[in-house]
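See structure below.
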Amino acid sequence: MKFRLSVAPLAAGLLASTTALADGYTGDAGLGIYGRQEIYRGTTTETDVLPYIYGQWGRFFGRVDTFGFQALPMGHGFLEVSTRIVQDEMESGTLKRAGVRDRNNSQLVGISTFQHSPIGAISISLMQDVGDSEGMLVDASWIGAWKPISWLSIYPELGMELMSSKYTGYYYGTNAGEGGFRSYRPGMALNPYVAIHTSSPIAADWNLAFTLRNKALDEEISNSPLVGRKSRWNAYVAVSYEFK
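Residue numbers (my numbering): 746 to 989.
Structure, rendered in structure tokens:
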């Protein structure tokens, strides 16, 4: 297991000024421990300490890994201009195979919406990687809400992630002879996932958030000679202060 300190630039920008947060920001801000199961062969688990943000500052918003601006009212929410932080890089040294090229983190920019309804929330995003892959990532999910006891809120989530062939090709494709692997050209991938989110108060205006997510990997990804798993777990636990 690898453990490191890192700060995503957008999240750091939102946390940079305590005064700014107190003046106009509503929602939770704090610090979390984020763990994710790596899927490349020879890798195990990565653990990072990162800011945790779930709230709004005017029309600017942060939802854990998605940050942006609510551009236009739409339905029971907004049409948003947004970016998403996805840690999908792969350093060639982790595979212990000479000749494998590095894969850099995606740089996702696009549009999204978070719609509220009587049966739960609907989250949809359409992102373009302006980084190396030049691929697209589409994500849609339903999020419910359940409060079984006064001190615990539970939010189940069901979703689907679509990766374009350019996206999968960059991260999971191989050229002939790369690292001694066969040539592999994956197509578009559809990855279903399920998650459980919880929130509990631990003191006045302080909350504990927890998320556990499992994503099944399409065969276009799991059949890659670089990949050693058919699914991926990730989780985080965060302590945050609620600004009102």
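We treat Cβ as the ideally placed atom computed from N, Cα and C, and that holds for glycine.
For residue i, three-class secondary structure by DSSP
i    : result
K892 : strand
G777 : strand
G844 : coil
G932 : coil
A983 : strand
S837 : helix
E902 : strand
E923 : helix
K960 : strand
Inter-residue Cα distance where the pair is residue i and residue j
i    : j    : result
T789 : E783 : 5 Å
E964 : R977 : 13 Å
S862 : F823 : 13 Å
K989 : G769 : 9 Å
S969 : P931 : 7 Å
H942 : R848 : 30 Å
Q801 : S967 : 37 Å
G995 : V875 : No statement about residue 995 is possible, as the shown extent of the chain runs from 746 to 989 and does not include it.
L817 : L897 : 33 Å
V972 : A949 : 45 Å
A706 : I798 : Since the first residue shown for the chain is 746 and the last is 989, residue 706 is missing from the structure and cannot be characterised.
V794 : L776 : 7 Å
S868 : T811 : 11 Å
N- and C-terminal bounds of the alpha helix (DSSP H) containing residue i
i    : result
K911 : S910 to Y917
I966 : E964 to S967
Cβ-based burial, residue i [other Cβ within 10 Å; buried from 16]
i    : result
N936 : buried
F859 : buried
G918 : buried
E836 : exposed
T828 : buried
Range covered by the beta strand (DSSP E) that runs through residue i
i    : result
I869 : G865 to D874
Beta-carbon proximity check, residue i vs residue j, cutoff 8 Å
i    : j    : result
M881 : Y915 : no
S886 : E902 : yes
Y900 : W951 : no
E825 : S851 : no
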